[in-house]
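Each number in the working numbering corresponds to the 1-based position in the sequence shown with 202 added.
Glycine included, C-beta positions come from ideal geometry on N, C-alpha and C.
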Amino acid sequence: MPDEYESGFFVQPVDHFDNQNPYTFGQRFFKNEQWAKPNGPIFLMIGGESPRHPRWVVNENLTYLQWAKTFGATVYLLEHRYYGESNLIGAADAFKSRTYTSYLSSLQMLYDVANFIQTVNVRLALAKPAKWITFGGSYS
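Set out below in structure tokens:
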């Protein structure tokens with residue numbers, strides 16, 4: 203696997219709608235800046251209901267990565283909560299409890315995406331906001 207990417211975990215609230223809930227989890231992401239140009243867009247691939255792999259940000263045969271090269275985009279992939287390494291208590295156990303599966307919803311995931319974008323924008327401290335373009339499969 204080429205070294206053109208980095209990976210990490212972004213801290214997300216377990217429940218975006220309950221400020222009294224103190225729990226968080228690490229949502230895995232991958233980032234590739236090899237084609238990035240100053241003031242270029244940011245492409246965000248939203249992971250579907252399966253584990254994600256770095257190839258989603260380095261495989262130049264993928265159409266959206268060809269577009270990233272053309273438009274000078276930074277590329278991120280955000281793994282879906284509860285899948286891959288982005289789970290709350292362990293993938294096998296998370297699906298056994300109604301308490302935990304109540305946080306597995308498309309609305310929570312949409313707020314995961316919004317929170318990720320807002321936080322990255324703040325961390326980049328750009329003079330003007332970056333243009334984000336999202337991609338995904340399944341219901342993403």
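Cβ-Cβ distances below 7 angstroms link W237 to A270, K271, G274, A275 in the same chain, with the five nearest sequence neighbours on each side left out; the list follows chain order. Secondary structure at K233: strand, using DSSP grouped into helix, strand and coil.
Linking Y266 to Y285 through their CA atoms gives a straight-line distance of about 22 angstroms. Annotation: Y305 to I248 spans about 18 angstroms, alpha carbon to alpha carbon. The beta carbon of N261 sits closer than 8 angstroms to those of L267, all from its chain and outside the five residues before and after it, given in chain order. Q214 is classed as buried because its beta carbon has at least 16 other beta carbons within 10 Å across all chains shown.
Secondary structure of S308 (DSSP, three-state): helix. Looking only at E251, T226, E287, the smallest Cα-Cα distance to S307 is reached by E251. Only exposed fits V324, as fewer than 16 other CB atoms lie within 10 angstroms of its CB.
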